[in-house]
Amino acid sequence: KQEVTQIPAALSVPEGENLVLNCSFTDSAIYNLQWFRQDPGKGLTSLLLIQSSQREQTSGRLNASLDKSSGRSTLYIAASQPGDSATYLCAVRQETSGSRLTFGEGTQLTVNP
Amino acid sequence: EAGVVQSPRYKIIEKKQPVAFWCNPISGHNTLYWYRQNLGQGPELLIRYENEEAVDDSQLPKDRFSAERLKGVDSTLKIQPAELGDSAVYLCASSLGPAENYEQYFGPGTRLTVT
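Just so you know, the protein sequences line up as chains A and B, in that order.
If you number the first sequence the way my numbering does, the last residue is 131 and the count never jumps.
If you number the second sequence the way my numbering does, the last residue is 105 and the count never jumps.
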């Protein structure tokens, strides 16, 4: 059974700092990996989707990398802003599970002004 | 373009009572998902529909949970009777199709509190 782990569980940083969120998964037979953002009381917003054949994806100040063989992904946020404060979730899609996403527990990020 | 719509946003009920959640996916999205998210955890899939057909309901507690998507558009998830452990956020998501490379778009969720 696929297990997804996110470290750290919570992170508090001053505004302007660069930061890295980590995601690891136990079964490397994945189709793709997706990073989401969740604001309190709201649904999930997709940030980046990385196909298993890709090494990284970039969107603005966000960069996600994928090392499928070692079961790891990182989300890099440059020049963090208070508006980045949210919970960040990573999810993997198994090759054998169709469209089912397996989520980690998330990293709760607070960026202090 | 309207996103995934869910109602109600919040629901408080006493245990043993029934409850129902409604979801309207993005127009044209054939695949619909219901997830449950417990506090401090990531969402877990309950059921996936391809049009009207439930194609993955292996994680749906069928003794008390039921779902339907009669016309292949909007969907209802029901719990009867509710238990204290059912308190969670119930998220609906949709995608264009079942293919693995289609992104899933999530609604705001329904926060259920069972007292």
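Glycine included, each C-beta is placed from N, C-alpha and C at the ideal position.
May I ask you to report which of helix, strand or coil DSSP gives P100(A)?
The answer is helix: DSSP assigns P100(A) an H, G or I state.
Does the segment 89 to 99 of chain A come close enough to the segment 70 to 81 of chain A to have 3 or more Cβ pairs within less than 8 Å?
Short answer: they touch.
Of all the options F121(A), V31(A), Q20(A), W53(A), which has the alpha carbon lying nearest to the alpha carbon of N28(B)?
It is F121(A) whose Cα lies nearest to the Cα of N28(B).
Compare the C-beta of G18(B) against all C-beta atoms of chain A and say whether one is closer than 8 Å.
Not closer than 8 Å to any Cβ of chain A, the Cβ of G18(B) fails to qualify, so no.
My guess is that L60(B) and Q49(B) are in contact by the Cβ rule of under 8 Å, so how many angstroms apart are they, rounded?
Not confirmed; about 22 Å, so no contact.
Skipping 5 residues on each side, what residues in its chain have a beta carbon closer than 8 Å to that of V45(B)?
Closer than 8 Å at Cβ, skipping near neighbours: R38, Y39, P88.
Could you list the residues in the segment 57 to 80 of chain A with a C-beta less than 8 Å from some C-beta on chain B, going in chain order?
Cβ contacts with chain B come from G59, K60, G61, L62, T63, S64, L67, Q69.
Please classify A78(B) as buried or exposed, where buried requires at least 16 neighbouring CB atoms within 10 angstroms.
Buried.
Quick one: does G30(B) have its CB under 8 Å from some CB of chain A?
For G30(B), the answer is yes, since a Cβ of chain A falls inside 8 Å of its Cβ.
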